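Peer 1:
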Amino acid sequence: MPLLYFEHEEGALSGFHLDFQDGPHAGKIVSFDKETISIGRADDADLILREMGVSWKHAELRLRDGHYWVVDSGSTNGTYVNDERAHNARLKEGDVLRFGKKAGAARFGLGPGAQDRSVDAAEISSAEKSSKLETKRHADPLAAGADAGIPTPKPLPAVTATPKPASETPAASRLARSDLPPVAPARESGSVLWPLAAAFLFVLCLGLGLYVVLFSADASTLGDAERRALDAEAELRTLQAGQRAQLDAARAEGRRLAEEEVAARLEQAQRQLEREQRRARETAKEQEETVEQLRRELARANDQIRQLRTVGGANGGGDSDWKQIDDGLARSVVLIMCQAEGVKRETGERVPLHGWGTGFFVTRRGDLITNKHVVQPWKYKTMVTQMAKEGIEIDASKTQIHVWIRGSKFRDDPKGHQLNLAGAYSTANGTLELVRTSPDLWTTMGFKEDEAPIRSTRVHKDVINNDLALLRVIPKDGMRFTPIPIGDSRTVSALDEVMVLGFPGGPTVLEGVIAAASPVTGKVRKPESSLLIGAPMIPGNSGGPLIDREGKVVGICAAIQGSESLGYCIRIEHAMALLNGGKIK
77 MPLLYFEHEE GALSGFHLDF QDGPHAGKIV SFDKETISIG RADDADLILR EMGVSWKHAE
137 LRLRDGHYWV VDSGSTNGTY VNDERAHNAR LKEGDVLRFG KKAGAARFGL GPGAQDRSVD
197 AAEISSAEKS SKLETKRHAD PLAAGADAGI PTPKPLPAVT ATPKPASETP AASRLARSDL
257 PPVAPARESG SVLWPLAAAF LFVLCLGLGL YVVLFSADAS TLGDAERRAL DAEAELRTLQ
317 AGQRAQLDAA RAEGRRLAEE EVAARLEQAQ RQLEREQRRA RETAKEQEET VEQLRRELAR
377 ANDQIRQLRT VGGANGGGDS DWKQIDDGLA RSVVLIMCQA EGVKRETGER VPLHGWGTGF
437 FVTRRGDLIT NKHVVQPWKY KTMVTQMAKE GIEIDASKTQ IHVWIRGSKF RDDPKGHQLN
497 LAGAYSTANG TLELVRTSPD LWTTMGFKED EAPIRSTRVH KDVINNDLAL LRVIPKDGMR
557 FTPIPIGDSR TVSALDEVMV LGFPGGPTVL EGVIAAASPV TGKVRKPESS LLIGAPMIPG
617 NSGGPLIDRE GKVVGICAAI QGSESLGYCI RIEHAMALLN GGKIK
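Residue numbers (this note's numbering): 77 to 661.
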């Protein structure tokens with residue numbers, strides 16, 4: 077298509093020119109000094125372009141507001157400025173215009189063009205008119221030249237119009253500049269009137285006949301369409317009724333399934349409630365049996381204490397010595413409680429767990445020694461078995477440890493269970509911390525199908541010398557504590573008399589609200605890697621000190637052997653290694 081390049085300088089305008097770059101007019105320059113020129117295939121256009129893609133009235137170039145503008149006249153293939161389609165664009169010097177996509181390109185310039193290549197627009201227009209009549213059966217030469225691969229014939233030279241004779245009619249004038257075939261000579265009006273009237277009547281009758289036929293066909297078609305519409309409407313109502321029935325059936329089925337699901341859930345919840353109630357009754361019964369057993373054990377221990385005192389009195393002065401030692405160590409022994417929480421796997425219910433034991437001071441700054449199973453009871457067999465049977469998992473993050481010095485108030489009501497934490501050192505209020513324990517040693521414990529909902533779980537190994545923990549009291553105002561003097565367990569021999577300090581049975585057997593210890597005496601049976609003691613020891617003594625005749629601690633109570641009259645004690649050297657950060661042998 078023709079590209080037109082437009083350049084523009086401000087100031088007085090003396091017309092413009094178009095420099096054709098390619099196409100049939102390539103190399104020609106056409107100048108204009110009019111404010112508006114028309115471009116297209118029309119004979120009355122100021123610039124006639126016959127190329128393929130140029131519309132009859134394609135575009136205009138107008139002078140407006142001191143600038144030339146190209147305005148598209150609604151052409152089919154568009155007007156382009158610098159290869160971009162434009163409808164109303166201001167032109168500048170050097171802009172390239174193209175009328176249609178395949179027309180030749182022309183560069184726009186202000187003022188007249190170079191004289192050696194300038195031609196008059198009439199010359200191009202005359203050549204276009206002449207070539208139109210010569211190539212009626214062939215492709216437009218300008219358009220053919222725009223197609224790729226087809227050479228463009230040279231434009232015909234301009235033809236000078238001959239003067240019209242004075243007698244030439246307007247029709248003859250139109251024939252001279254028209255590209256239509258010549259009009260047939262006119263006949264006498266009388267000779268064509270009757271044939272025209274007959275033709276008119278024939279066409280009228282033919283139209284009436286066609287109307288009647290089409291009306292009948294339309295009526296028949298309309299009747300068929302109405303019947304089809306009625307049939308479709310009836311079928312639609314049938315389908316809608318069927319769908320409503322299916323929807324009602326689906327809703328009824330959904331309600332039935334929902335009711336069955338709710339009933340199943342209700343039945344499952346009822347069974348779960350019955351299981352929990354049964355477990356609660358069994359747990360309460362076990363607790364009652366445990367309390368009763370502890371009371372019997374305490375009674376037996378008191379009987380043994382009385383017997384030992386009787387024997388000691390017969391031997392002369394033994395009990396009085398032990399009493400003096402016990403009085404001197406009254407503020408060195410502490411009651412320890414561990415509170416933890418478990419979570420039931422099936423219901424998520426939180427279950428309180430606790431353990432009791434004894435500890436004792438080994439430094440004036442507040443370091444305490446006790447058993448590991450006292451401060452972490454959920455790792456050991458007794459509590460692991462209970463948790464496995466009840467489907468409980470420990471939540472160790474909820475663990476709290478409380479310590480009451482012997483002789484302090486540990487509960488508010490003698491018959492109640494409310495602890496007096498105000499008089500305790502506790503991890504809950506930042507006055508107590510668990511420094512370290514002996515390393516964990518794990519093994520696996522299995523269960524029968526009727527014993528627990530799980531088949532196996534891990535449990536801490538029962539290694540006596542590995543059952544140690546170090547606590548530290550954080551005192552206020554630089555308070556100092558009374559430690560028990562550290563002895564040498566290697567000086568202990570068989571049949572040596574020793575004393576166990578502690579809180580047997582924990583708070584369940586303590587009377588009143590004061591943490592009162594129950595010391596018992598016995599003899600060393602076997603001084604091996606651990607010390608086997610013949611003295612009444614029951615749960616609650618765990619972690620308590622084993623005292624020799626000099627009032628020094630030589631061991632830590634750890635476990636019961638068979639009956640409550642025999643127990644194992646850890647040698648004090650293991651506890652001192654834990655205190656100093658060493659490994660337990």
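No residue lacks a Cβ here, since even glycine has one placed at the ideal position from N, Cα and C. Predicted model only: the values in this text are computed from it and were never measured.
Could you compute how far the alpha carbon of Val235 sits from the alpha carbon of Ile124?
Peer 2: Locating residue 235 in the sequence shown gives position 159, counting from the first residue. Locating residue 124 in the sequence shown gives position 48, counting from the first residue. Residue placement at Val235 is flagged as unreliable, the pLDDT there being 41, under the threshold of 50; the coordinate-derived value follows with that caveat. Their Cα atoms are separated by approximately 15 Å.
Peer 1: Touch check for the segment 405-419 and the segment 473-480: three-plus C-beta pairs under 8 Å?
Peer 2: Contact between the segment 405-419 and the segment 473-480 is present, because at least three Cβ pairs lie under 8 Å.
Peer 1: In whole angstroms, what separates the C-alpha of Asp25 from that of Leu94?
Peer 2: Outside the shown range of the chain (77 to 661) lies residue 25, about which nothing can therefore be said.
Peer 1: What do you reckon, are the CB atoms on Val451 and Ile477 nearer than 8 Å?
Peer 2: Residue mapping note: residue 451 aligns to position 375 of the sequence shown, counting from 1. Residue mapping note: residue 477 aligns to position 401 of the sequence shown, counting from 1. Against a cut-off of 8 Å, the Cβ pair of Ile477 and Val451 comes out as a contact.
Peer 1: Identify the continuous alpha helix (DSSP H) that holds Ile648 and give its terminal residues.
Peer 2: As a working note, residue 648 is residue 572 in the sequence shown. Per DSSP, Ile648 belongs to the alpha helix (DSSP H) from 648-655.
Peer 1: Name the one or two DSSP bridge partners that Ile470 has.
Peer 2: Within the sequence shown, the letter at position 394 stands for residue 470. Gly418, per the DSSP bridge assignment.
Peer 1: Output yes or no for whether 8 Å exceeds the beta carbon distance between Ile614 and Pro580.
Peer 2: Taking the sequence shown and counting its residues from 1, one reaches residue 614 at position 538. Taking the sequence shown and counting its residues from 1, one reaches residue 580 at position 504. Yes, they are a contact pair.
Peer 1: Assuming Phe437 contacts Ile623 under a Cβ cut-off of 8 Å, what Cβ separation, rounded to an integer in Å, is found between them?
Peer 2: As a first step, residue 437 must be located in the sequence shown, where it is residue number 361. As a first step, residue 623 must be located in the sequence shown, where it is residue number 547. Going by Cβ atoms, the distance from Phe437 to Ile623 rounds to 13 Å, so no, they are not a contact pair.
Peer 1: Provide the residue(s) that pair with Phe96 in DSSP beta bridges, ordered along the chain.
Peer 2: What you label residue 96 is simply residue 20 of the sequence shown in a count that begins at 1. The partner list for Phe96 (beta bridge, DSSP) reads Ala182.
Peer 1: Spell out the partners DSSP gives Cys633 in its beta bridges.
Peer 2: Sequence index remark: in the sequence shown, residue 633 carries index 557 (1-based). The partner list for Cys633 (beta bridge, DSSP) reads Cys645.
Peer 1: May I ask you to report which of helix, strand or coil DSSP gives Val460?
Peer 2: Indexing the sequence shown from 1 puts residue 460 at position 384. Note: Val460 maps to helix in three-state DSSP.
Peer 1: Just to confirm, is the Cβ distance from His544 to Thr513 under 8 Å?
Peer 2: Residue 544 sits at position 468 when you count from the first residue of the sequence shown. Residue 513 sits at position 437 when you count from the first residue of the sequence shown. According to the sequence shown, residue 544 is Leu rather than His. The answer is yes: Cβ separation under 8 Å.
Peer 1: Rounded to whole angstroms, what is the Cα-Cα separation between Phe291 and Ala118?
Peer 2: If you number the sequence shown from 1, residue 291 lands on position 215. If you number the sequence shown from 1, residue 118 lands on position 42. Distance between the alpha carbons of Phe291 and Ala118: 45 Å.
Peer 1: Buried or exposed: which applies to Leu508, given that a residue is buried once 16 or more other Cβ atoms fall within 10 Å of its Cβ?
Peer 2: Counted from its first residue, the sequence shown places residue 508 at position 432. Its Cβ being crowded by 16 or more others within 10 Å, Leu508 is buried.
Peer 1: Less than 8 Å between the C-beta atoms of Ser565 and Arg440, yes or no?
Peer 2: Stepping through the sequence shown from its first residue, residue 565 is reached at position 489. Stepping through the sequence shown from its first residue, residue 440 is reached at position 364. No, Cβ-Cβ distance for Ser565 and Arg440 is not below 8 Å.
Peer 1: State the beta-bridge partners of Lys32 as determined by DSSP.
Peer 2: Only positions 77 to 661 of the chain appear in the structure, and residue 32 is not among them; the question remains open.
Peer 1: May I ask you to list the residues that DSSP assigns as paired with Asn164?
Peer 2: By 1-based counting over the sequence shown, the position of residue 164 is 88. In the DSSP output, where bridge partners are listed per residue, Asn164 has Val147.
Peer 1: Cutting at 7 Å between CB atoms, please list the residues of its own chain near Asn656, excluding the five before and the five after it.
Peer 2: Locating residue 656 in the sequence shown gives position 580, counting from the first residue. Nothing listed; no residue qualifies.
Peer 1: Any contact between the segment 101-115 and the segment 177-191? By contact I mean 3 or more CB pairs, one from each, below 8 Å.
Peer 2: Verdict: yes, contact present.
Peer 1: For the segment 478-487 against the segment 405-413, do three or more pairs of beta-carbon atoms, one drawn from each stretch, fall closer than 8 Å, so that the two count as touching?
Peer 2: Verdict: yes, contact present.
Peer 1: Assign Thr434 to one of two classes, buried (16 or more other C-beta atoms within 10 Å of its C-beta) or exposed (fewer than that).
Peer 2: Reading the sequence shown from its first residue, position 358 is the one you call residue 434. The residue in question, Thr434, is buried, as its Cβ has 16 or more Cβ neighbours within 10 Å.
Peer 1: Tell me the rounded alpha-carbon separation between Val511 and Met652.
Peer 2: Counting from 1 along the sequence shown, the entry for residue 511 is found at position 435. Counting from 1 along the sequence shown, the entry for residue 652 is found at position 576. Each residue's alpha carbon lies about 14 Å from the other.
Peer 1: Buried or exposed, going by whether 16 or more other CB atoms sit within 10 Å of the CB of Asn617?
Peer 2: Along the sequence shown, read from residue 1 onward, the residue named residue 617 stands at position 541. Its Cβ being crowded by 16 or more others within 10 Å, Asn617 is buried.
Peer 1: Quick check on this structure: which residue in Gln97, Ser131, Gly99, Ala135 has the alpha carbon closest to the alpha carbon of Ile113?
Peer 2: Stepping through the sequence shown from its first residue, residue 113 is reached at position 37. Checked all of Gln97, Ser131, Gly99, Ala135; the closest Cα to Ile113 is Ala135.
Peer 1: Counting pairs of Cβ atoms below 8 Å between the segment 567-578 and the segment 594-614, do you hit three or more?
Peer 2: Touching, yes, given that three or more Cβ pairs across the two stretches are closer than 8 Å.
Peer 1: Would Ile530 be called buried (16 or more neighbouring beta carbons within 10 Å of its own) or exposed?
Peer 2: The count along the sequence shown starts at 1 and reaches residue 530 at position 454. The residue in question, Ile530, is exposed, as its Cβ has fewer than 16 Cβ neighbours within 10 Å.
Peer 1: Looking at the strands, I want to know which residues DSSP matches up with Tyr156.
Peer 2: Indexing the sequence shown from 1 puts residue 156 at position 80. Arg161, Arg174.
Peer 1: Would you kindly check if the distance between the Cβ of Pro621 and the Cβ of Gly70 is under 8 Å?
Peer 2: Outside the displayed span of the chain (77 to 661) sits residue 70, for which this structure offers no information.
Peer 1: Assuming His449 is part of the alpha helix (DSSP H), what are its boundary residues?
Peer 2: For the purposes of this step, residue 449 is taken as the residue at position 373 of the sequence shown. Per DSSP, His449 belongs to the alpha helix (DSSP H) from 448-451.
Peer 1: Straight-line CA distance for Phe92 to Phe184?
Peer 2: As a first step, residue 92 is located in the sequence shown; it is residue number 16 there, counting from the start. As a first step, residue 184 is located in the sequence shown; it is residue number 108 there, counting from the start. Going by the C-alpha atoms only, they are around 7 Å apart.
Peer 1: Rounded to the nearest angstrom, what separates Leu374 and Ser502 at their Cα positions?
Peer 2: Numbered from 1 along the sequence shown, position 298 holds the residue referred to as residue 374. Numbered from 1 along the sequence shown, position 426 holds the residue referred to as residue 502. Their backbone Cα atoms lie some 28 Å apart in a straight line.
Peer 1: Quick check on Thr366: buried or exposed, where buried means 16 or more other Cβ atoms within 10 Å of its Cβ?
Peer 2: Here residue 366 refers to the residue found at position 290 when the sequence shown is read from its first residue. Exposed is the call here.
Peer 1: Count the other C-beta atoms from every protein chain shown that fall within 10 angstroms of the C-beta of Thr63, then say buried if there are 16 or more, exposed otherwise.
Peer 2: Coverage of the chain is limited to positions 77 through 661, which leaves residue 63 absent and any answer about it impossible.
Peer 1: Could you say which of Phe557, Tyr644, Asn153, Gly506 lies nearest to Asn541 if we only look at CA atoms?
Peer 2: As a position in the sequence shown, residue 541 is number 465, starting the count at 1. Per the Cα distances, Tyr644.
Peer 1: Helix, strand or coil for Ile401, going by three-state DSSP, please let me know.
Peer 2: Here residue 401 refers to the residue found at position 325 of the sequence shown. Three-state result, Ile401: helix.
Peer 1: With burial defined as no fewer than 16 other Cβ atoms inside 10 Å of the residue's Cβ, what is the status of Gln97: buried or exposed?
Peer 2: If you number the sequence shown from 1, residue 97 lands on position 21. Buried.
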